[in-house]
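Residue numbers (the working numbering), protein chains in the order written: chain A, 561 to 659; chain B, 561 to 659.
Just so it is clear, CB atoms sit at the ideal spot from N, CA and C, and this is done for glycine as well.
Written out below as structure tokens is the structure these notes cover.
Protein chains: 2
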Amino acid sequence: MDGKNRKELEAKGWVFGDASDFLELTPEEARFIDLKLALRASIKEARAKQHVTQEELAKAMGSSQSRIAKMERGNPSASVDFLLRALGMSNKQISRIFA
Amino acid sequence: MDGKNRKELEAKGWVFGDASDFLELTPEEARFIDLKLALRASIKEARAKQHVTQEELAKAMGSSQSRIAKMERGNPSASVDFLLRALGMSNKQISRIFA
DNA sequence: TCAAAATATGTCAATAACGCCATAATTCCT
DNA sequence: AGGAATTATGGCGTTATTGACATATTTTGA
């Protein structure tokens, strides 16, 4: 993860721990964020491909349009749990993106 | 996921949605739970292999021994986010278990 | 162009997940 | 056996995540 990417993430509300304030991200942090990026990309792709609106996906998984929007925009308040639930609804294959 | 496995999970505090109260789990629910099972197994394995105690792992990831114990025992209060952080600390390869 | 549909942003209360502590139960070792 | 180390369980106050709602902005299509 380069500095530019990190700056973008911080602008979106991501907060990095003390140890990485002046340092680079730890491998674990970078991997965790990359996982979220991959999940988001996969969800947006699946949703678009199936012509499902955020509203429809939200209803299918018992959530709200605003939460779907925030998740897809990379708002850090969306957990991996939430991302995986969304992916499970919009795509029948979770394991694919980890190949 | 068969009925026996579900009963065990319910005994541990898992709660299933209305739609699945008298039905089987949806594929999404089953996959989500299987993911947690896989993560837990992988973490326990990695921790044991490296002879790391729950206390040590907890300290490494800024958590507590009791949280690690609950997570490994399948307490539903452990999120996938938490499981992934633990795995990231106890094993440098997250993607492996998804192969 | 203009309205309708879709997406984005902000706020807030309710709930879920968390760290922490105490303590019980189990495992390990001599 | 029995003491030390490790793991398990319960409870509690705090924080993070969530659904819901209002509203703004952007995109789409006639």
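Since residue i contacts residue j with CB under 8 Å, what's their CB separation in whole angstroms?
i, j, result
"B:Ala618", "B:Arg607", "Their Cβ separation, rounded to whole angstroms, is 11 Å, which puts B:Ala618 and B:Arg607 out of contact at 8 Å."
"A:Val640", "B:Asp641", "5 Å"
"A:Leu643", "A:Leu599", "4 Å"
"A:Ala638", "A:Lys630", "6 Å"
Taking 6 Å as the line, does the beta carbon of residue i fall inside it for any heavy atom of the ligand PLP?
i, result
"A:Gln614", "As far as ligands go, the structure on display features none, and thus does not contain the ligand PLP."
Pull up the distance between the alpha-carbon of residue i and that of residue j, whole angstroms please.
i, j, result
"A:Leu647", "A:Gly622", "13 Å"
"A:Glu616", "B:Pro636", "28 Å"
"B:Lys609", "A:Gln614", "44 Å"
"A:Phe592", "A:Thr586", "10 Å"
"A:Gly634", "A:Glu588", "18 Å"
"B:Trp574", "B:Gln625", "21 Å"
"B:Ala601", "A:Lys572", "34 Å"
"A:Asp581", "B:Ile603", "Note that A:Asp581 has pLDDT 48, beneath the 50 cutoff, so the model's placement of it is unreliable and the number below is only indicative. If you take the alpha carbons of A:Asp581 and B:Ile603, they lie about 28 Å apart."
"A:Leu595", "B:Leu595", "15 Å"
"A:Glu568", "B:Glu605", "36 Å"
Identify which residue in the options has its Cα closest to the Cα of residue i.
i, options, result
"A:Ser650", "A:Pro636, A:Glu632, A:Glu589", "A:Glu632"
"B:Arg645", "A:Ala590, A:Arg645, A:Glu605", "A:Ala590"
Can you tell me which of the three DSSP states residue i falls into?
i, result
"A:Ala629", "helix"
"B:Val612", "coil"
"A:Gly648", "helix"
"B:Ser624", "coil"
"A:Ala638", "coil"
"A:Lys572", "coil"
"B:Gln653", "For B:Gln653, the predicted structure reports a pLDDT of 39, less than 50, and the residue's modelled location is therefore unreliable. A value from the coordinates is still provided. Coil, per DSSP."
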